[in-house]
Amino acid sequence: MFLLHNYVTLVLIIVLALQATAAPCSPRGTTSTSSTLPTPTSGTGNGTQGGLTAAQVTAALPSIPTSCNGSSNSACRTPSQIAEFVNLSFKKFNFETVGEQAAIFALMAFESGSFAFDVNVFPGRPGQGTRNMMMFYFVLPYALEFNATAVQAIRPDLTTSSTATDIPDPNERNQIRATVLGDELSFGSGAWFLREKCPQSIAEGLQSESEDAWNRYMGPECVGAGSTDPARLALYRATLEAMKK
Numbered sequence: 001m002f003l004l005h006n007y008v009t010l011v012l013i014i015v016l017a018l019q020a021t022a023a024p025c026s027p028r029g030t031t032s033t034s035s036t037l038p039t040p041t042s043g044t045g046n047g048t049q050g051g052l053t054a055a056q057v058t059a060a061l062p063s064i065p066t067s068c069n070g071s072s073n074s075a076c077r078t079p080s081q082i083a084e085f086v087n088l089s090f091k092k093f094n095f096e097t098v099g100e101q102a103a104i105f106a107l108m109a110f111e112s113g114s115f116a117f118d119v120n121v122f123p124g125r126p127g128q129g130t131r132n133m134m135m136f137y138f139v140l141p142y143a144l145e146f147n148a149t150a151v152q153a154i155r156p157d158l159t160t161s162s163t164a165t166d167i168p169d170p171n172e173r174n175q176i177r178a179t180v181l182g183d184e185l186s187f188g189s190g191a192w193f194l195r196e197k198c199p200q201s202i203a204e205g206l207q208s209e210s211e212d213a214w215n216r217y218m219g220p221e222c223v224g225a226g227s228t229d230p231a232r233l234a235l236y237r238a239t240l241e242a243m244k245k
């Protein structure tokens, strides 16, 4: 958990406060809604992609800082760092197409306020976090799968069958969340969520780079954020465009 010491971060918190009700992987971050962004293809995608470059991260998120030197925000990461860890997640969970990769990136960027946050700061839900801003009932199985030793150092009784209701203490929830805030796990959460918590057909659909596939990804079968948010769609479009430059 980090302290918010500067004006820019305060403004971001105020923006987050004005967002709509959170989705299961959420509260939402900020993004551009420019109407000049290209429309995703209607089914002509399926191109393979090695991931994003730092330049493509910046193209998709023009307001992102190019340096974290002097930043009081401990969650700040440069475009190069973001690209490195997002690309690791694509490789780890076997997402090879532009449509899939752009969707995972866009969701995490939206949820984390253009990667400015890795924990929920408004309203401050205990245990909610990672760059995918997952609710604690997703953070717990993620942590138990990839950092069980650290989790069980906090609560030795927890197993892979444990649920969020077994951890009512907000401090313990935050401690467990901290076990997956290292960059590899935090940036890996979006790819894990799509691979493990959504029907396989969602990822397969995203290979088309279509708006319908994106809307289904955002819908109740997967993210649960509603399928008609123009800000989310705009960020997906911007990422698709950036990845094809």
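Residue numbering for the sequence shown is 1 to 245, as defined by this note's numbering. Even for Gly, the Cβ is constructed at its ideal location relative to N, Cα and C.
| Query | Result |
| --- | --- |
| Buried versus exposed, by CB contacts within 10 Å (16 or more), E196 | exposed |
| With 16 other Cβ atoms within 10 Å as the buried cut-off, status of P27 | The predicted model places P27 with a pLDDT of 36, which falls under 50 and marks its position as unreliable, so this point remains unresolved. |
| N- and C-terminal bounds of the alpha helix (DSSP H) containing G127 | First-last for G127: undefined, no H or E at that position. |
| Distance between V98 and E209 (C-alpha atoms, nearest Å) | 7 Å |
| Nearest residue (CA-CA) to F146, options K92, G51, A102, M243 | K92 |
| Close-in-space but distant-in-sequence residues of the same chain around D183 (CB under 6 Å, 5 per side omitted) | F85 |
| Spatial distance of S35 from F138 (CA atoms) | Residue placement at S35 is poorly supported in this model, since its pLDDT is 29, which falls under 50; the coordinates still yield a value, given next. Distance between the alpha carbons of S35 and F138 is about 33 Å. |
| Own chain residues within Cβ distance below 6 Å of V57, not counting five before or after | P79, I82, A83 |
| Residues bridged to M134 (per DSSP) | G129 |
| Exposure of Q200, with buried meaning 16 or more beta-carbon neighbours within 10 Å | exposed |
| Alpha-carbon to alpha-carbon, D118 and F105 | 14 Å |
| Proximity to V151 [Cα-Cα], best of N87, V180, T239 | V180 |
| Beta-bridge pairing of V119 - partner residues as DSSP gives them | G129 |
| Boundaries (first-last residue) of the alpha helix (DSSP H) holding S110 | First, the amino acid is wrong: residue 110 is Phe here, not Ser. First-last of the alpha helix (DSSP H) with F110: 98 to 111. |
| Host alpha helix (DSSP H) of S170 (start-end) | What sits at residue 170 in the sequence shown is Pro, not Ser. Where P170 is concerned, the enclosing alpha helix (DSSP H) stretches over 170 to 178. |
| Three-state secondary structure assigned by DSSP to N87 | helix |
| Whether L265 touches N87 by CB criterion (8 Å) | For residue 265 there is no data in the structure shown, the boundaries of the chain being 1 and 245. |
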